[in-house]
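> Pasting in a structure now, in structure tokens, and then I'll have a few things to ask.
Number of protein chains: 2
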Amino acid sequence: MLLGEYLIRRLQQLGITTIFGVPGDFELPLLDQIPPQQWSGSPNELIAAYSADGYARMKGFGALVTTFGPGETSAICGTAGSYCESVAVLHIVGYPGVRAQTKGKILHHTLGDLKYDITQYTAEVTCAATILKNAEEAPDEIDKIIKAMIHHNRPAYLGFPVDLQTTKISTAQLNVPLPQSLNMKEDNDLNDCKELAFTITDKIQNSRAPIIISDGGATRNNIEPLIQELGDMLLCPMFTTFMGKGSVDEQSPLFCGVYGGKGSLPDTIKTVEGSDCVLWVGNFPSDFNTGGFSENVAPENIIDFQRFEVKIGHEKHSANIKAIFMELIKQIKDRNLTAKYESNLSCIAYPEYKESEAEEITHKWLWQRFSSFLRSSDILITETGCSQAGMMEARFPSGIKMFTQAIFGSIGFAPGAAVGASIAGKELNGQGEKYKRMVLVEGDGSLQLTVQALSVLQREGLIPVIYTVERLIHGLHAPYNKIYSWNYTALLKVLAPDIESRSYHVSTAKELDELMKDKEFNEATCPQLVEVMMDEYDCPNSVQIIGETAARHNAG
Amino acid sequence: MLLGEYLIRRLQQLGITTIFGVPGDFELPLLDQIPPQQWSGSPNELIAAYSADGYARMKGFGALVTTFGPGETSAICGTAGSYCESVAVLHIVGYPGVRAQTKGKILHHTLGDLKYDITQYTAEVTCAATILKNAEEAPDEIDKIIKAMIHHNRPAYLGFPVDLQTTKISTAQLNVPLPQSLNMKEDNDLNDCKELAFTITDKIQNSRAPIIISDGGATRNNIEPLIQELGDMLLCPMFTTFMGKGSVDEQSPLFCGVYGGKGSLPDTIKTVEGSDCVLWVGNFPSDFNTGGFSENVAPENIIDFQRFEVKIGHEKHSANIKAIFMELIKQIKDRNLTAKYESNLSCIAYPEYKESEAEEITHKWLWQRFSSFLRSSDILITETGCSQAGMMEARFPSGIKMFTQAIFGSIGFAPGAAVGASIAGKELNGQGEKYKRMVLVEGDGSLQLTVQALSVLQREGLIPVIYTVERLIHGLHAPYNKIYSWNYTALLKVLAPDIESRSYHVSTAKELDELMKDKEFNEATCPQLVEVMMDEYDCPNSVQIIGETAARHNAG
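Protein sequence lines, in the order shown, are assigned to chains A and B.
By full-length UniProt numbering, the letter at position 124 of the first sequence is numbered 124, and the numbering carries on one by one without gaps.
By full-length UniProt numbering, the letter at position 155 of the second sequence is numbered 155, and the numbering carries on one by one without gaps.
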């Protein structure tokens, strides 16, 4: 068996059955070993990295292949985003042959020097990085890198010299199983959590009004079902944050809204800030996630669950997040605990949907309108900016899969990630899931960064519905904020002339409302793009609040 | 005066009157200070970096502005290319305010940590990097970074916290002049070169057959006119390389072709490899530049001129490249030296142009066909791959400006660089130059990486003529080499619907020949795109040779 095949088989064992990337001469022998149906060529490396990220958010793990030098540096913004947002992606990087690296001759794709090192930057945005040196140690080295990626749920980097890609090795090591997720036995046994779970259960039992906030840590650690189970058992109010949006069932009567400080609804603020026991899953107090640092929850009332640590007030305890949740659920069940909430649940998470009275499409109306358009079989991806913030105002159907890049905030991420998520959705459907549509909502400025992703998105996986929301330039009417006009409704046909597609241009709330009710449009039998015209100075309420408070903070 | 304005005025003093970039919240106050006509917004950060590179190749220096985090990492492949190819670009990076950096709160665009450092990777691809810390030292710090960029002719990195962008400073330091190019007084006085020039002049005088090879060092050090002057004085054969193509007058009878080892024409090989005194300007022995290491010139016959060093055989001497050339020209003039070339110049640099006999458009025909299409008022940019290699076979008119990315080889560079070069061309026309057309030749696979650059290219600067050469996938018929079909002839209209443009689709040599003769097409009164259909397994001869020898080398 060839070493390249070993790597591919290891990835298959993790469920990675589509690999993204851009071919280059230092990785061709590896690409030759990838089954054609398991390769998705990307229009550029940044889109490859975003696609692998979107794929990993659906299936747990993703991978991309690029060349070293220009290929890896073009992808690095995507890898940095995966690192920041905690997504497990393996970046496989084609290198010149091991001996060629030592011959002292200048090769293309280098900086013109004779260096073939992992750069410090790469090391900063991955949890593990190596360049293979010889065939003997390579299988161990590959496993080590993959295990680190699984353990930390963050990107890893594997430099793969072209000559080693076709070196023969034994198949024996393939039979040593890889962990499929955070390994509890290794990190923290359930037994180790008993005492800690006991303390936390006591706290809940003695609390006047416990609540759950499902924050970034929910999706980052893939424990959404455990969180839902805990909430359903305690019958306590459940919230998400900007980062956690989509991680709990928003159709449940327990769901009480998105908490992000001053930008939140009054009922949400009252219940969260009034609680004496906040079970906070992966608290991530960044500017975007806290309404520009306008949250106001007393630290002593917070029990914060992170991947490897639980913080009770200011006290830190080592714990495996999956293990502590499982043990907590067990103990709460044993004690038959239910939250003694002082009043009935009275949060109104979302205002009811009303027909728009205005002629124009306002942010106040648009995002709530999605509440009845979205379906549980959708994958929904929003982009940093207005679509990300605005979608907080939509109430999601149960079971919808939604994500965005909440911290790193790289515009252009969404179309690339949609490619990967769409392909993953199709693969998961083969395993009994039921994803039917990809809904991508994107501003015009952001779309221009990675527009070529639409070429692939139309061809692969689920049927996409794309919204291009134009003129979302809030704040300044400065010349540098000018976005060039494109003919958006002609884009799909140009980037995939051989694929049937439909494009719409809507300027009034009535037109958009009718389109969103239309049966054929809802069925989405082919890719559909809707260009939505909005006022250039309008924006979601939360964007205004975050913008103002963040600007004050950042200015020092 | 505000500190942001100080920076902009310093850039203006270097002739940088257009700055590229993508706006972000940490740099808005700086952008407010850039005169609107001096800002060119880019569709994404990588294109901004390529544009600044193309601008700098025309005008000496370039600049781009991005945010830190996603902005800078998206641009870093472009900066790495500028570093590798020796192009002086200042990357200005917006950071959170100085105090905000120390508040211990997580901000968007970070990795979710609290770090605001220059990464090692950035340090590796710049000659100098700093993040401003306070207003007092900032003007000195800015000058230091700019001077390093000029001295090394390589990119530099300036982190600019958002609060400092509007801090008031004195205008005094603006009157301290900046060097406009490699500063001879500081580095190496003309006097220091006298002895070295004497030794070299002796060598030339005693040589049987001196020749000049104008390699990467010509354009990297902006000494093309000095090289031409030296050649015209010596009346010796002049050559370029892959990297040096376009740096000497190809209409001169002294010009004898492009030398790149075995891929070169037989006469070229004979004259270069037979010379006993090779004046080699910036020898850069990379794989692409040497026909895959197939050059064969005895090291003891080479006098190699680098930016800060001259190597005579194996002996190294410190010298400023500009100073040594000026002194050399002076001494040769004094001695009234002319090369005693053993035979008359008999090199035939390029076969004569013939009408194509084949129906289909072959590489053998296409690139030579450009010889009579190109004009001295053109800027010509080719892309890594077939257009870069193929264009070696075209004989250029005198005075044409041509460049490509010869070492780093990042596909997608050309459309971005064309934007910057086009704007620079227009600005230079205002200073008495005469650039009229931008000719961009690009493969379909490469175009897909940075296609959105065409949106800006159509609007700014010179009138572009774009060739999209399709199906240039040589070698393998592997599924990963598949490039998605786009409707290329509809691209210009979609990306700039408000701009008049023309698009052509040609499949036969006759059609293309007629188009290239057509008066209206030649005048190029609006952007024109030509889609050229070619056989997918055909390629330029040199690509085949480089591919074969490089593959052997790289495989170890």
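Ideal Cβ placement from N, Cα and C applies to all residues, glycine included.
Do you know how far the Cα of B:F370 is from the Cα of B:V441?
On the second sequence, residue 441 of chain B is found 441 positions in, with the first residue counted as 1. On the second sequence, residue 370 of chain B is found 370 positions in, with the first residue counted as 1. Near 11 Å, if we compare the C-alpha coordinates of B:F370 and B:V441.
> DSSP state of A:G475, grouped into three classes?
Taking the first sequence and counting its residues from 1, one reaches residue 475 of chain A at position 475. In this predicted model, A:G475 has a pLDDT of only 38, less than 50, meaning its place in the structure is not dependable; the value taken from the coordinates is given anyway. Note: A:G475 maps to coil in three-state DSSP.
> Please state if the CB of B:S214 and the CB of B:S264 are separated by a distance shorter than 9 Å.
Here residue 264 of chain B refers to the residue found at position 264 when the second sequence is read from its first residue. Here residue 214 of chain B refers to the residue found at position 214 when the second sequence is read from its first residue. Cβ distance not < 9 Å, so B:S264 and B:S214 don't count as in contact.
> B:I302 to A:I106, Cα distance in whole Å?
Along the second sequence, one-based indexing puts residue 302 of chain B at 302. Along the first sequence, one-based indexing puts residue 106 of chain A at 106. In a straight line, the C-alpha of B:I302 is about 18 Å away from that of A:I106.
> Please tell me whether, using a cut-off of 8 Å, the distance from the CB of B:L495 to the nearest non-hydrogen atom of the ligand FAD is below it.
Although the ligand FAD was asked about, the structure shown includes no ligands whatsoever.
> Taking the CB atoms as reference points, tell me whether A:G41 and A:A421 lie closer together than 9 Å.
Sequence index remark: in the first sequence, residue 41 of chain A carries index 41 (1-based). Sequence index remark: in the first sequence, residue 421 of chain A carries index 421 (1-based). Their beta carbons are not under 9 Å apart, which means A:G41 does not touch A:A421 by this criterion.
> Distance check for B:Y537 and A:T17, CA to CA, integer angstroms please.
Looking up residue 17 of chain A in the first sequence gives position 17. Looking up residue 537 of chain B in the second sequence gives position 537. Those two C-alpha atoms are separated by around 30 Å.
> In or out: B:L449 buried (at least 16 other Cβ within 10 Å) or exposed?
Counting from 1 along the second sequence, the entry for residue 449 of chain B is found at position 449. Looking at its Cβ environment, which holds 16 or more other Cβ atoms inside 10 Å, B:L449 is buried.
> Between which residues of its own chain and A:L491 is the CB-CB distance below 8 Å, once the five residues before and five after are set aside?
On the first sequence, position 491 is the one that residue 491 of chain A refers to. Cβ within range, chain order: V451, L454, S503 and L529.
> Per DSSP, A:K168 forms a beta bridge with which residues?
As a first step, residue 168 of chain A is located in the first sequence; it is residue number 168 there, counting from the start. Its beta-bridge partners are A:L2.
> Label A:L476 either buried or exposed according to how many other C-beta atoms from any shown protein chain fall within 10 Å of its C-beta, with 16 as the threshold for buried.
By 1-based counting over the first sequence, the position of residue 476 of chain A is 476. Confidence at A:L476 is low in this model, with a pLDDT of 45, below 50, so its placement is unreliable and no value can be given for it.
> Look up B:V89 in the DSSP assignment and give the residues it is bridged to.
On the second sequence, residue 89 of chain B is found 89 positions in, with the first residue counted as 1. Answer is B:G62.
> Kindly identify the DSSP beta-bridge partner or partners of A:R502.
Reading the first sequence from its first residue, position 502 is the one you call residue 502 of chain A. DSSP, once it has assigned bridges, lists A:Q528 as partnering A:R502.
> Assuming B:N153 and B:N221 form a contact by the criterion Cβ under 8 Å, report the distance between their Cβ atoms to the nearest whole angstrom.
Walking along the second sequence from the start, residue 153 of chain B turns up at place 153. Walking along the second sequence from the start, residue 221 of chain B turns up at place 221. B:N153 to B:N221, Cβ: 7 Å. Contact.
> Can you find a CB in chain A that lies within less than 9 Å of the CB of B:E548?
Along the second sequence, one-based indexing puts residue 548 of chain B at 548. No - not a single Cβ of chain A is within 9 Å of the one on B:E548.
> Cα separation between A:V543 and A:G443?
Within the first sequence, numbered from 1, the residue matching residue 543 of chain A stands at position 543. Within the first sequence, numbered from 1, the residue matching residue 443 of chain A stands at position 443. Going by the C-alpha atoms only, they are around 14 Å apart.
> Alpha carbon to alpha carbon, how far is B:A135 from B:A100?
In the second sequence, residue 135 of chain B corresponds to position 135, counting from 1. In the second sequence, residue 100 of chain B corresponds to position 100, counting from 1. The alpha-carbon atoms of B:A135 and B:A100 are separated by roughly 16 Å.
> Around the Cβ of B:A80, are there at least 16 other Cβ atoms within 10 angstroms (buried) or fewer (exposed)?
If you number the second sequence from 1, residue 80 of chain B lands on position 80. It is buried - the Cβ of B:A80 has at least 16 other Cβ atoms within 10 Å.
> Closer than 7 Å between beta carbons: that is the criterion. Which residues of the region 398-410 of chain A meet it against chain B?
Listed by position along the chain: I407, F408, G409 and S410.
> Could you tell me which chain A residues have their CB closer than 7 Å to the CB of B:F293, listed as they occur along the chain?
The residue labelled residue 293 of chain B in the question sits at position 293 within the second sequence. Correct list: K105.
> Using a cut-off of 7 Å between C-beta atoms, extract the partners of residue 594 of chain B located in chain A.
Beyond the ends of chain B as shown, which are 1 and 556, falls residue 594 of chain B; an answer cannot be given.
> Over the uninterrupted beta strand (DSSP E) stretch that includes B:M243, give me the two end residues.
Mapped onto the second sequence, residue 243 of chain B falls at position 243. No beta strand (DSSP E) contains B:M243, which DSSP labels as neither H nor E.
> Which residues bound the beta strand (DSSP E) around A:A128?
By one-based count along the first sequence, residue 128 of chain A stands at place 128. Looking at the DSSP string, the run of the beta strand (DSSP E) that includes A:A128 is A128 to I131.
> Between A:V125 and chain B, is any beta-carbon pair separated by less than 9 Å?
Taking the first residue of the first sequence as 1, we reach residue 125 of chain A at position 125. Output row for A:V125: interface = yes.
> Using a Cβ-Cβ cut-off of 9 Å, state whether B:D53 counts as contacting chain A.
Working through the second sequence from its first residue, we reach residue 53 of chain B at position 53. Not closer than 9 Å to any Cβ of chain A, the Cβ of B:D53 fails to qualify, so no.
> Please tell me whether A:K144 has its Cβ less than 9 Å away from any Cβ of chain B.
Taking the first sequence and counting its residues from 1, one reaches residue 144 of chain A at position 144. Not one chain B Cβ lies under 9 Å of A:K144.
> Select from A:Y350, A:I379 and A:D378 the residue whose C-alpha is nearest the C-alpha of A:W367.
Reading the first sequence from its first residue, position 367 is the one you call residue 367 of chain A. Closest by alpha carbon: A:Y350.
> Tell me the DSSP bridge mates of B:Y157?
For the purposes of this step, residue 157 of chain B is taken as residue 157 along the second sequence, with counting starting at 1. B:H91 and B:A129, per the DSSP bridge assignment.
> Indicate the three-state DSSP secondary structure (helix, strand or coil) for B:K270 in the structure shown.
What you label residue 270 of chain B is simply residue 270 of the second sequence in a count that begins at 1. Reduced to three states, the DSSP call for B:K270 is helix.
> So what does B:Y467 bridge to, in DSSP terms?
For the purposes of this step, residue 467 of chain B is taken as residue 467 along the second sequence, with counting starting at 1. Paired residues: B:V441 and B:V530.
> Along the beta strand (DSSP E) that carries A:E309, what are the first and last residues, could you check?
Residue numbering aside, residue 309 of chain A sits at position 309 when the first sequence is read from its first letter. E309 to I312 is the span of the beta strand (DSSP E), which, as asked, contains A:E309.
> Using three-state DSSP, classify A:L46 as helix, strand or coil.
Working through the first sequence from its first residue, we reach residue 46 of chain A at position 46. In this structure, A:L46 counts as helix in the three-state DSSP scheme.
> Using 9 Å as the threshold, is the C-beta distance between A:L337 and A:I200 below it?
By one-based count along the first sequence, residue 337 of chain A stands at place 337. By one-based count along the first sequence, residue 200 of chain A stands at place 200. No, the pair does not count as a contact, with Cβ atoms beyond the cut-off.
> Indicate the three-state DSSP secondary structure (helix, strand or coil) for B:T110 in the structure shown.
Mapped onto the second sequence, residue 110 of chain B falls at position 110. Coil.
> Chain B beta carbons: is any one of them nearer than 9 Å to that of A:A496?
For the purposes of this step, residue 496 of chain A is taken as residue 496 along the first sequence, with counting starting at 1. It does; some Cβ of chain B falls within 9 Å.
> Output, in sequence order along the chain, the residues in the region 429-451 of chain B whose CB is closer than 8 Å to any CB in chain A.
For the region 429-451 of chain B, which is checked against every Cβ of chain A, the residues closer than 8 Å are Q448, L449, T450 and V451.
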